[in-house]
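*Asks:*
Residue numbers (the numbering used here): 1 to 243.
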């Protein structure tokens, strides 16, 4: 009876040692993930700080995710939609399924270049909207729209009737300048929203990793203590058997 009793802790000890190895591997893996999320948070924080600095002056030029959902809603409602993708990611995602709607090749460049490309694309419209994420705070943003108008719509607007005569070139320059300002403003708002959301997400991921590390460390210490206790019991039991 004594020999059977003294063998039991050895099997439990082997099991506990295996558990300790598993916990150690998990701890190492989570700590590595935490290092990555912390690094990504730092990068996002730096980009966010720059984006926020650039956003404040950009809002002056505004002249008065959820974005994809809004575009989908407009399409489902029968609205004619032209997509102008800015950046590689949106181009890669949307071009596969909506290549026929990409009338303007997405390119990198400043807002005035984008505005000129849009106006010179040959796409005829009276009124449209630029959909973007407006930055509200570090943890929130709101999808909004800003209207854009064709040259004919602007020329026939009631507010323009107060002017006796407007040169066509002046009116066209105004339209281009207005559109470039709105695009510039929208880009800055969306960029700041993106970086703040990324920074918040990486911060939450790092905190979750810390909680998991604490729990696994506690489990590791308890398991190791159990192994030590069982080893002591085995030693004492062996000494008693010798007596």
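For glycine and all other residues, C-beta sits at the position ideal for the given N, C-alpha and C.
Keep in mind that this is a model prediction, so the values were computed, not measured.
#1: With a threshold of 7 Å between beta-carbons, can residue 224 be considered close to chain B, or not?
#2: What are the start and end residues of the beta strand (DSSP E) that includes residue 135?
#3: Which residues mark the beginning and the end of the beta strand (DSSP E) in which residue 148 is found?
#4: Between the Cα of residue 191 and the Cα atoms of 26, 30 and 52, which residue gives the shortest distance?
#5: Does DSSP classify residue 154 as helix, strand or coil?
#6: Straight-line CA distance for residue 166 to residue 117?
#7: Any idea what DSSP makes of residue 236, helix, strand or coil?
#8: Skipping 5 residues on each side, what residues in its chain have a beta carbon closer than 7 Å to that of residue 151?
#9: Identify whether residue 48 lies in helix, strand or coil by the three-state DSSP scheme.
#10: Would the beta-carbon of residue 149 fall within 7 Å of that of residue 186?
*Replies:* Looking at the atomic coordinates:
#1: Considering every chain present, this structure includes no chain B. It has just one protein chain.
#2: 127-137
#3: 140-149
#4: 52
#5: helix
#6: 24 Å
#7: helix
#8: 171, 172 and 175
#9: helix
#10: no
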